[in-house]
Structure formats: structure tokens, C-alpha cells
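Single-structure report; data block below.
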Amino acid sequence: MLTSLPRRIALYGRHSTAMQAASSSADQVASCAPLVGYLGGTVMATWLDPELSGYRRDRPGLQQLLRAVEAGDIDIIACEGT
Numbered sequence: 017m018l019t020s021l022p023r024r025i026a027l028y029g030r031h032s033t034a035m036q037a038a039s040s041s042a043d044q045v046a047s048c049a050p051l052v053g054y055l056g057g058t059v060m061a062t063w064l065d066p067e068l069s070g071y072r073r074d075r076p077g078l079q080q081l082l083r084a085v086e087a088g089d090i091d092i093i094a095c096e097g098t
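In the numbering used here, the protein residues as written are 17 to 98.
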């Protein structure tokens, strides 16, 4: 664990097309588990935007995530990047 401070963590996963595995977004979120453990945080929410382009800013999961951050409900966002 990094510190004793409570850390409220949100997880986010997204993949662009149906040509990718249907589980791709969920796999991305699962890959964040070691980081959550290292940070000693609690996952408060998980949002997925499967089959939606990263260029779209109106993705439902992304919008919910941003609202949670603005409300002060989340301290850290974890997502996989390739």
C-alpha cells in the first residue's frame, strides 16, 4: 500500500469497435486491479464504453465518470492505456 490515506478510485474501460473482443473494456478494467491494490484504494465505481470511439466526448460512461469527479466522489481514475 502506498499510503494510509483513503483513496476513492474509479475504473474506466473503452474499446472502439465490434471488431475487438466483446470483453475488451472489462479486461482493461480488470488489468487495473494490481494498481488499486498498490494504492490501497477502494473502487467506488466502474464505467465502460464498449464499441465507442475515443474521439467521442459524449460517451455515456465518460460523462458519468466526469460528473463523479466534479462532485468530488472520486480521488483517482485508473484506466489501461496502450
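Think of the CB as a built atom: it goes at the ideal place given N, C-alpha and C, for glycine as much as any other residue.
Three-state secondary structure assigned by DSSP to residue i
| i | result |
| --- | --- |
| Gly-53 | helix |
| Leu-27 | strand |
| Ser-32 | coil |
| Asp-43 | helix |
| Pro-68 | According to the sequence provided, residue 68 is Leu. The question's Pro does not apply to it. Three-state DSSP puts Leu-68 in coil, outside helix and strand. |
| Ala-87 | coil |
Buried or exposed (CB count within 10 angstroms, at least 16 for buried), residue i
| i | result |
| --- | --- |
| Leu-21 | exposed |
Residues of its chain near residue i, where Cβ-Cβ distance is below 7 Å and the 5 sequence neighbours each way are ignored
| i | result |
| --- | --- |
| Met-60 | Arg-24, Ile-25, Ala-26, Asp-89, Ile-90 |
Contact with chain D by residue i, beta-carbon distance below 9 Å
| i | result |
| --- | --- |
| Val-52 | Looking at the structure shown, chain D is missing, and only one protein chain is on hand. |
Which listed residue (the options) has its alpha carbon closest to that of residue i
| i | options | result |
| --- | --- | --- |
| Ser-32 | Ile-93, Pro-66, Ala-94, Gly-97 | Pro-66 |
Proximal residues to residue i (C-beta, below 6 Å), its chain only, five neighbours per side dropped
| i | result |
| --- | --- |
| Gly-57 | Arg-23, Ile-25 |
Cut-off 8 Å between Cβ atoms - residues of its own chain near residue i, not counting five sequence neighbours on either side
| i | result |
| --- | --- |
| Leu-51 | Ala-94 |
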